[in-house]
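Note sheet for the following structure.
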Amino acid sequence: MKDKDVTGLLLVGISSLTVLAALGMVFLYAPREATMGDVQRIFYFHVSSAWVGFFAFFVTFLAGVAYLARGGRRWDILAVSSVEVGLTFITMTVVTGSLWARPVWGTYWTWEPRLTISAVQLLIYIAYLMLRASIEGPERKARFAAVYGAAAFVTVPLSWFAIRWWRTIHPDILTGGEGMAITPRMVHALLVSLAAFTLLYVTLLRQRMRLERAADALERLRVGVMRGG
Amino acid sequence: MRFIRKVFAIVAKDVAAELHTREILSAMLVFSLLALFVFSFALDLRGAMARAAAPGVLWATAAFAGILGLSRSLAREQQTGCIDGLLLAPVDRSAIFFGKALGNLIFMVVIEVALLPLFSALFDVPLLQPEVLAVTALGTVGYAAAGTLLAAIAVNTRAREVMLPVLLLPLAFPALIAAVQATGELLEGSTLADVGGWVRLLVVYDLLILAVSMLTFGYVVEE
Amino acid sequence: MIEAHGLIKSFGPRAALDGVDLTVERGECVTVVGPNGAGKTTLLRILATLTRPTSGTVRIGGLDPNRTGSEVRRLIGFLSHRTLLYEDMTAEQNLRFYARMYDLEDGPARVDELLGQVGLADRRHDLVRTFSRGMQQRLAVARALLHRPPLLLLDEPYTGLDPQASRSLTDLLTGLAGEGCTILLTTHDLDQGLAVGQRVVVLARGRVVYDERREAIGAEGFVEMYHRLTG
Chain A
51 MKDKDVTGLL
61 LVGISSLTVL
71 AALGMVFLYA
81 PREATMGDVQ
91 RIFYFHVSSA
101 WVGFFAFFVT
111 FLAGVAYLAR
121 GGRRWDILAV
131 SSVEVGLTFI
141 TMTVVTGSLW
151 ARPVWGTYWT
161 WEPRLTISAV
171 QLLIYIAYLM
181 LRASIEGPER
191 KARFAAVYGA
201 AAFVTVPLSW
211 FAIRWWRTIH
221 PDILTGGEGM
231 AITPRMVHAL
241 LVSLAAFTLL
251 YVTLLRQRMR
261 LERAADALER
271 LRVGVMRGG
Chain B
37 MRFIRKVFAI
47 VAKDVAAELH
57 TREILSAMLV
67 FSLLALFVFS
77 FALDLRGAMA
87 RAAAPGVLWA
97 TAAFAGILGL
107 SRSLAREQQT
117 GCIDGLLLAP
127 VDRSAIFFGK
137 ALGNLIFMVV
147 IEVALLPLFS
157 ALFDVPLLQP
167 EVLAVTALGT
177 VGYAAAGTLL
187 AAIAVNTRAR
197 EVMLPVLLLP
207 LAFPALIAAV
217 QATGELLEGS
227 TLADVGGWVR
237 LLVVYDLLIL
247 AVSMLTFGYV
257 VEE
Chain C
1228 MIEAHGLIKS
1238 FGPRAALDGV
1248 DLTVERGECV
1258 TVVGPNGAGK
1268 TTLLRILATL
1278 TRPTSGTVRI
1288 GGLDPNRTGS
1298 EVRRLIGFLS
1308 HRTLLYEDMT
1318 AEQNLRFYAR
1328 MYDLEDGPAR
1338 VDELLGQVGL
1348 ADRRHDLVRT
1358 FSRGMQQRLA
1368 VARALLHRPP
1378 LLLLDEPYTG
1388 LDPQASRSLT
1398 DLLTGLAGEG
1408 CTILLTTHDL
1418 DQGLAVGQRV
1428 VVLARGRVVY
1438 DERREAIGAE
1448 GFVEMYHRLT
1458 G
């Protein structure tokens, strides 16, 4: 069963190129930030992974709704794959945020809005995966996860507003307002980073989905062998 | 309307069962008192610190006590297969949700009615003003609704009750932040208009959660 | 009364029901026998609208449960080895609750009637938790019959019943069958199975492997054949 995955290879190729481009732009093209210095370059990866982290959960939300509305294993495959890939990105968001905070503000954690909402999303991701792990049977797993995904997703924008207002009323004495001078070159670098990370997400998502489908096929074979003898 | 009659029938059933055993309310109450003690000692809450911490401690306590009640309330339906009894009846699945959620809301409110005067006295804060009560009510509605839906999910997992806090707390953040912040501001003398933003957030949260739960509860309880 | 075609219910790659066709006429009394794991409970739960089949169609009283769920549920009375009763409420409270859920006009009166019929009238104000297994089963029967359902589905109803209680149950079912009620019950006990139904269906590994009227069956030959069919 020789299967040359052309699309996969293509995706890997394109995302590799874009990531390299992004790295180049972030380290060579974008200027040194006035206040924070070179450490500020983490910002591009931090924001990009935050975007993918959110987007991945949005995909899971849609996939869950589609599963409930129409049924079909493929929607659940999409949902779980997106969560797993998204978990990686949101973890990156939290870690890069923490690494950024230390040299700039002297502490590993600040309750500034974006970092906090990323932490909330991280917890939701983990809860989602724990839920799936704790349920027997693929149909129930998919169904309950879809409901949880839907309920969780609608609260994320509300959490975002709540955290923003909270921090407006009680500004973090450390971070205060966003003290960054944004120049056009930085915007370019950010856009390329966003594109790179999004492509990376799509590549990994596709791979994860193929893995899940292969696992399904294996399970079917296994059951067939056990039954047929 | 038949729908509403059945919702109230379910609420009445939960209240009747609770009146016979009082196990849910007593567990929630005892837990709340213990939590209150632990917070007071662990954080050394006195004077100005106590007043500042009061809204947070109140809601942390209510949140955890609520989880106890929610788990038990849904577990009751699993006991002797009673959830099947409900599903066999000609009743809308969303009516089952509203019935259970309203019952859970009542339990939480009963506990809060006991806690608020106690907190007011211990922390020296005027919690018994109508504005604070309104905010507390709004927050509890959203929490009970989300909790009912998620407890119905949790009861089907291997981990059972342990799963509920993991599922519920991240989803409850908007309501908890809003309720704590609004209560805090009200205690410092703001008016309801001043905390309008938080109140609106709570209302939107409640409506969204109720809508999602109403639409998806059927998928949770039916096989 | 019941028309089921091509019922398949799978849990992942495993199929609990693997293509079941079953037709039950109004007023018939059918016993479904089979070893544990044959799919009896799954079949009954699908017919009771508690579970949806993975594929296949079901019609109860000509109605489609997916479209008119509520109407269908009014037609069905369900009895299981689980009592479906709230242990922290009294017998009366339990029945009155279900009477409300089924929109019964004469709720309280009907509750009184059934409590009398199952011989629990003097225990109406006692918590179900204090009842013996036999008493709980009797109350469960009352619950199942509350809304006068034309179709009665029973899942292993004899489980845990002493001989006297079993006899009462059999008498009750025979009486109901005489009144024109359609009855479908499952059991893994062959003797009980042959005692009640007019028709016997054998389910094995998710399929119907035998379906005959009782008159056509010779008792001795049946047991042998059953073991052969179910392996």
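Residue numbers (our numbering), protein chains in the order written: chain A, 51 to 279; chain B, 37 to 259; chain C, 1228 to 1458.
For every residue, glycine included, the Cβ atom is placed at its ideal position computed from N, Cα and C.
Here the structure is a predicted model, which means the values were calculated and not measured.
Under a Cβ-count criterion, where at least 16 other Cβ atoms within 10 Å of its own Cβ denotes burial, should residue i be classed as buried or exposed?
i: Phe107(A); result: buried
i: Asn192(B); result: buried
i: Ile232(A); result: exposed
i: Ser109(B); result: buried
i: Gly1289(C); result: exposed
i: Asn1293(C); result: exposed
i: Leu118(A); result: buried
i: Thr1253(C); result: The amino acid occupying residue 1253(C) in the given sequence is Arg; Thr does not appear at that position. Exposed.
i: Thr1250(C); result: exposed
i: Leu243(B); result: exposed
i: Arg1300(C); result: buried
i: Glu1442(C); result: exposed
i: Gly1433(C); result: buried
i: Tyr1313(C); result: buried
i: Ile167(A); result: buried
i: Ala86(B); result: buried
Measure the C-alpha to C-alpha separation of residue i and residue j and round it to an integer number of angstroms.
i: Lys54(A); j: Val97(A); result: 35 Å
i: Met51(A); j: Val62(A); result: For Met51(A), the pLDDT reaches just 47, beneath the cut-off of 50, and the residue's location in the model is therefore unreliable, although a value from the coordinates is still provided. In a straight line, the C-alpha of Met51(A) is about 22 Å away from that of Val62(A).
i: Arg1286(C); j: Pro1280(C); result: 12 Å
i: Leu128(A); j: Ala196(A); result: 11 Å
i: Ala202(A); j: Gln1391(C); result: 53 Å
i: Leu24(B); j: Leu165(A); result: Here chain B covers residues 37 to 259 and nothing more, so residue 24(B) does not appear.
i: Ala125(B); j: Gly175(B); result: 32 Å
i: Pro1335(C); j: Ala1326(C); result: 8 Å
i: His1308(C); j: Gly117(B); result: 10 Å
i: Glu113(B); j: Asp120(B); result: 8 Å
i: Gly254(B); j: Leu123(B); result: 10 Å
i: Tyr179(B); j: Ala1431(C); result: 47 Å
i: Phe247(A); j: Leu73(A); result: 11 Å
i: Leu251(B); j: Ser130(B); result: 7 Å
So with CB distances below 9 Å, who are the chain C contacts of residue i?
i: Gly280(A); result: Outside the shown range of chain A (51 to 279) lies residue 280(A), about which nothing can therefore be said.
i: Glu259(B); result: Arg1272, Leu1277, Thr1278, Arg1279
i: Thr252(B); result: Those within 9 Å of Thr252(B) in chain C number zero; the least Cβ separation is about 16 Å.
i: Val89(A); result: What Val89(A) touches in chain C: nothing, since even the nearest Cβ is about 50 Å away.
Going by the C-beta, is residue i closer than 8 Å to any heavy atom of the ligand FMN?
i: Cys1408(C); result: The model depicted lacks the ligand FMN and carries no ligand whatsoever.
Residue i versus chain B: which residues are under 8 Å apart at the beta carbon?
i: Ser184(A); result: Thr193, Arg194, Ala195, Met199
i: Phe1305(C); result: Asp120, Leu124
i: Tyr198(A); result: Leu186, Ile189, Leu203
So which residues of chain C does residue i contact, with C-beta pairs closer than 8 Å?
i: Arg270(A); result: Pro1240
To the nearest whole angstrom, what separates the beta carbons of residue i and residue j, a pair I think is in contact under 8 Å?
i: Asp1353(C); j: Ala1404(C); result: In fact, because the Cβ distance is near 31 Å, the residues do not count as touching under 8 Å.
i: Thr1413(C); j: Glu1383(C); result: 6 Å
i: Ala200(A); j: Val115(A); result: 6 Å
i: Val1423(C); j: Val1429(C); result: Wrong, their Cβ atoms sit about 15 Å apart, outside the cutoff.
i: Ile46(B); j: Gly105(B); result: Contact flag wrong, Cβ pair sits at about 16 Å.
i: Thr184(B); j: Phe133(B); result: 7 Å
Residues of chain B with CB under 7 Å from residue i, in chain order?
i: Leu1197(C); result: This structure cannot settle anything about residue 1197(C), because the visible part of chain C is limited to 1228 through 1458.
i: Gln1320(C); result: Ala52
i: Leu173(A); result: Pro206
i: Met259(A); result: Simply none; closest approach about 23 Å.
i: Arg1300(C); result: Leu124, Ala125, Pro126
Output, in chain order, the set of chain A residues within a Cβ distance shorter than 9 Å of residue i.
i: Leu237(B); result: Leu208, Phe211, Ala212, Trp215
i: Gly232(B); result: Per Cβ cutoff of 9 Å: no residues; Gly232(B) is ~11 Å from chain A at best.
Residues of chain A with CB under 8 Å from residue i, in chain order?
i: Val256(B); result: Arg193, Phe194, Val197
Starting from residue i, find everything on chain B with Cβ-Cβ shorter than 9 Å and list it in chain order.
i: Arg190(A); result: Asn192, Glu259
Closer than 7 Å by beta-carbon distance: list the chain C residues that pair up with residue i, in chain order.
i: Ala45(B); result: Phe1324, Arg1327, Met1328
i: Arg38(B); result: Asp1330
Task: Contact residues within the region 116 to 140 of chain B, judged by C-beta distance below 7 Å to chain C - done: Answer set for the region 116 to 140 of chain B: Thr116, Gly117, Cys118, Asp120, Gly121, Leu123, Leu124, Ala125, Pro126, Val127.
Task: Near-chain B residues of the region 102 to 123 of chain A (beta-carbon distance less than 7 Å), N- to C-terminal order - done: Per Cβ criterion, the list reads Leu118.
Task: Residues within the region 161 to 191 of chain B neighbouring chain A, beta-carbon criterion of under 8 Å - done: Residues Ala182, Leu185, Leu186, Ile189.
Task: Residues in the region 199 to 214 of chain A having any Cβ partner in chain B nearer than 8 Å - done: Of all residues in the region 199 to 214 of chain A, only Ala200, Ala201, Ala202, Val204, Thr205, Leu208, Ser209, Phe211, Ala212, Ile213 come within less than 8 Å of chain B when Cβ atoms are compared, listed by chain position.
- [ ] Name, going along the chain, the residues of the region 86 to 105 of chain B whose beta-carbon falls closer than 7 Å to a beta-carbon of chain A.
- [x] With the criterion set as a beta carbon lying under 7 Å from some beta carbon of chain A, the region 86 to 105 of chain B has no members that meet it.
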